[in-house]
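Engineer: Numbering (our numbering), first residue to last: 786 to 1222. I'd like to ask you about the structure that follows.
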């Protein structure tokens, strides 16, 4: 039986998960492919580091990335090392050498995706990336293949398991943010430096990749509106619950005749919605097409075997078409879902023009005239109040919380209200403001 040789860069969580699946499912994989999948070479940083998974004796362990590029026996390079420049250099060299590439590197694809896809087309190679977005959830395949006949109108979802785990623990157990974060780190859900997860950047990287697949346009990462979850408190979670909501970190993108609206933000989600009930380190994505309507994808957004499964799906997709590829072949893999054409820049709806309902929480001095001043400010900026609640006491004796739910308004107006009230003498803390789904 003919073998397909894999060269792997990185042998951490995802790499060991992939190796485990290749070993455990070897028989079924051979039945599906009529070939064997063999890991020929693995590049690691430290050759002496103890490893949980024992690689086959025939596998070479090395620190030399060039061996993946220059070995003529390696058919597919699997990039699992993360980061930007080293990974970019490896993938560039591999594609120029005519090797197919599988990558789980959403940050790299968000920043350098267009140039790498152009290079893959030039060299008639696959550049596959299912594992870059939402772990084991087949969202890339769904957008590129299953919903390819639809005009995608909207995507909305929970795209980071670490942030979702933290918010779930805060909601169900009343933890404060720092306690929930420490627990996530202790359980291996959060890195020692969790900034990418909790500040929303990881979700933003994935969203940039998915916008290209869904809408066929390029939305630059540096123009995406991003807000993380570090400002969320148990007080806000409890108020959200009282109003019938759960707070989730959402990535969203919509496409209309006016352009693309996109961003990553905490939002209040009605508790009756499926997204509000996605707990722990799970991910979920709601995709709306003009023909199919809404489709919901839900599953493990990270982890060794869920993400390893997504990497393996890409490998299988390449192997099934590998005989069609070659320098003298007319076959060019469609890695973008839009014929590999150079994607046009997105017509971006400015974040300040986006429309939403809002949750405001002000911490104010308990004195006469506060409510009148707040409502007057909102009226001056055209923000209409739907509900207002002022508690008799807050977390300190000096401040009381005033919570307001608005009707739909522009983000610019909501920001203006927050700025104006923060400057008033009765305001004791900066305003907290979240969108409402």
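We put the CB at the ideal spot given by N, CA and C, even for glycine.
Starting from residue 1047, trace the beta strand (DSSP E) both ways and give me its first and last residue.
Structural biologist: It spans 1044–1055 - the beta strand (DSSP E) in which residue 1047 sits, taken as one unbroken run.
Engineer: Any idea if residue 815 is buried or exposed, counting beta-carbon neighbours within 10 angstroms, 16 or more meaning buried?
Structural biologist: It counts as exposed.
Engineer: Quick check: the Cα distance between residue 976 and residue 925, rounded to an integer number of angstroms?
Structural biologist: Distance between the alpha carbons of residue 976 and residue 925: 25 Å.
Engineer: Determine, using beta carbons only, whether residue 792 and residue 853 come nearer to each other than 8 Å.
Structural biologist: Yes. Within cutoff.
Engineer: Who pairs with residue 788 in a beta bridge, going by DSSP?
Structural biologist: According to DSSP, which records beta bridges pairwise, residue 788 is partnered with 821.
Engineer: Do residue 1045 and residue 937 come within 8 Å of each other at the CB atom, strictly closer than that value?
Structural biologist: Going by C-beta atoms, residue 937 is not nearer than 8 Å to residue 1045.
Engineer: Could you please give the first and the last residue of the uninterrupted alpha helix (DSSP H) stretch that includes residue 1096?
Structural biologist: It spans 1089–1106 - the alpha helix (DSSP H) in which residue 1096 sits, taken as one unbroken run.
Engineer: Is there contact between the region 988–1003 and the region 887–903, where contact requires at least three CB pairs shorter than 8 Å?
Structural biologist: Yes, they touch.
Engineer: Specify the secondary structure class of residue 859 as computed by DSSP and reduced to three states.
Structural biologist: Coil.
Engineer: Going by beta-carbon coordinates alone, are residue 1206 and residue 1162 separated by less than 8 Å?
Structural biologist: In this structure, residue 1162 lies closer than 8 Å to residue 1206 by Cβ.
Engineer: Taking residue 1054 and residue 1222 to be in contact with their CB atoms under 8 Å, please state how far apart those CB atoms are, rounded to whole angstroms.
Structural biologist: At roughly 5 Å, the Cβ-Cβ gap stays under 8 Å, so residue 1054 and residue 1222 are in contact.
Engineer: Give the straight-line distance between the Cα atoms of residue 887 and residue 1175, rounded to the nearest whole angstrom.
Structural biologist: The straight-line gap from Cα to Cα measures roughly 54 Å.
Engineer: May I have the straight-line CA-CA distance separating residue 1033 from residue 1147, to the nearest angstrom?
Structural biologist: If I take the Cα positions, the gap works out to 20 Å.
Engineer: When the Cα atoms are used, what is the spatial distance from residue 968 to residue 947?
Structural biologist: If I take the Cα positions, the gap works out to 11 Å.
Engineer: CA-CA distance, residue 1144 and residue 928?
Structural biologist: Their Cα atoms are separated by approximately 32 Å.
Engineer: In chain order, what residues of the same chain have a beta carbon less than 7 Å from the beta carbon of residue 906, not counting five sequence neighbours either side?
Structural biologist: So the list reads 1117 and 1125, once near-sequence residues are dropped.
Engineer: Going by other Cβ atoms of all chains shown within 10 Å of its Cβ, with 16 needed for buried, is residue 1106 buried or exposed?
Structural biologist: Classification of residue 1106: exposed, given that the 10 Å Cβ count is below 16.
Engineer: Quick check: residue 1138 and residue 1195, are their CB atoms within less than 8 Å of each other?
Structural biologist: Yes, these two residues count as a Cβ contact at 8 Å.
Engineer: Do residue 882 and residue 1095 come within 8 Å of each other at the CB atom, strictly closer than that value?
Structural biologist: Not in contact: residue 1095 and residue 882 (Cβ atoms no closer than 8 Å).
Engineer: At the level of alpha carbons, what is the spacing between residue 880 and residue 908?
Structural biologist: When rounded, the distance between both Cα atoms is 6 Å.
Engineer: Look up residue 1118 in the DSSP assignment and say whether it is helix, strand or coil.
Structural biologist: Three-state DSSP puts residue 1118 in coil, outside helix and strand.
Engineer: On a CA-only basis, which of 1073, 1066, 788 and 1101 is nearest residue 1088? Give me that one, please.
Structural biologist: When only C-alpha atoms are compared, the closest one is 1066.
Engineer: Taking only the alpha-carbon atoms, compute the straight-line gap between residue 978 and residue 951 and give it to the nearest angstrom.
Structural biologist: When rounded, the distance between both Cα atoms is 15 Å.
Engineer: Could I get the ranges of all uninterrupted beta strand (DSSP E) runs contained in the region 1139–1171, with 3 residues as the minimum, in chain order?
Structural biologist: Listed in chain order, they are 1140–1149.
Engineer: Tell whether a beta-carbon distance below 8 Å holds between residue 860 and residue 790.
Structural biologist: Yes.
Engineer: Per DSSP, what kind of secondary structure is residue 1204 in: helix, strand or coil?
Structural biologist: Helix.
Engineer: What runs of the beta strand (DSSP E), each 3 residues or longer, lie entirely inside the region 968–1053?
Structural biologist: Here the runs fully enclosed are 1030–1041.
Engineer: Who pairs with residue 1068 in a beta bridge, going by DSSP?
Structural biologist: Note: residue 1068 sits in a beta bridge opposite 1084.
Engineer: One question on the structure: do residue 1071 and residue 934 come within less than 8 Å of each other, judged by their Cβ atoms?
Structural biologist: Taking 8 Å as the Cβ cut-off, residue 1071 and residue 934 do not qualify as a contacting pair.
Engineer: Whole angstroms are fine: how far does the CA of residue 822 sit from the CA of residue 1108?
Structural biologist: Their backbone Cα atoms lie some 15 Å apart in a straight line.
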